[in-house]
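**Q** So in UniProt numbering, spot 124 of the sequence shown is number 124, and the numbers just go up one at a time.
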Amino acid sequence: MERIVLPLFFSIMVHLLIHLVEEVKLGGPVPFRWMYLFERFFFVLKEYVSNKTYPEGSIAEDYIAEEGITFCSKYLEVHYATFDMHNNNPSTINQSNYLFGSAGTGIGKEEIIVLDEKSLIQIHRFILRHCDQIESYRE
């Protein structure tokens with residue numbers, strides 16, 4: 001099938017055409033031979049290992065626990081499961097619910113900051129004195 005040619009005329013693309021046809025004949029379509037899906041699943045299973053002495057047992061326990069949680073979450077009234085995730089970034093936000101028109105959703109991990117009473121009073125007074133949106137309420 002191949003001919004002996006000088007390296008000067010060698011093109012990898014032409015060379016691949018010869019071998020790819022043979023590869024498809026031998027192995028079938030690529031999605032049936034692709035390992036990426038299995039590698040992703042094995043990564044998930046490796047995350048389940050909590051006891052390195054008995055990895056099979058800890059993988060089985062965590063897999064059964066996750067299956068049970070997923071099954072039960074389908075029947076709870078309020079649930080957030082991976083199979084029906086809601087849109088975390090809605091394109092429209094109902095602005096009528098907010099006093100300030102620039103309300104939106106945060107990005108990143110939520111961080112709770114507890115202020116001391118003095119700082120809280122200072123922030124509250126600053127907002128009351130400097131915000132135009134509450135001018136009608138001050139009068």
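Yeah, the Cβ is synthetic: ideal placement off N, Cα and C, and Gly gets one too. It should be emphasised that the depicted structure is a prediction, and the values quoted were computed from it without experimental measurement.
Rounded to a whole number of angstroms, what is the C-alpha to C-alpha distance between Q122 and E110?
**A** To locate residue 122, count along the sequence shown from 1; it is residue 122. To locate residue 110, count along the sequence shown from 1; it is residue 110. Spanning the two alpha carbons is a distance of roughly 23 Å.
**Q** Could you check which residue in E61, F41, L16 and R40 has the C-alpha nearest to that of S50?
**A** In the sequence shown, counting from the first residue as 1, residue 50 sits at position 50. Comparing Cα positions, the closest option is E61.
**Q** Just verifying my parser: in three-state terms, what is the DSSP assignment at Y63?
**A** Start at 1 with the first residue of the sequence shown, and residue 63 comes out as number 63. Correct three-state label for Y63: helix.
**Q** Quick one: Cα of G28 to Cα of L20, how far?
**A** Mapped onto the sequence shown, residue 28 falls at position 28. Mapped onto the sequence shown, residue 20 falls at position 20. Cα-Cα distance, rounded: 11 Å.
**Q** In three-state terms, what does DSSP make of S73?
**A** In the sequence shown, residue 73 corresponds to position 73, counting from 1. Residue state, collapsed to three classes: helix.
**Q** Would you call the CB atoms of Y48 and I64 closer than 8 Å?
**A** In the sequence shown, counting from the first residue as 1, residue 48 sits at position 48. In the sequence shown, counting from the first residue as 1, residue 64 sits at position 64. The answer is no: Cβ separation not under 8 Å.
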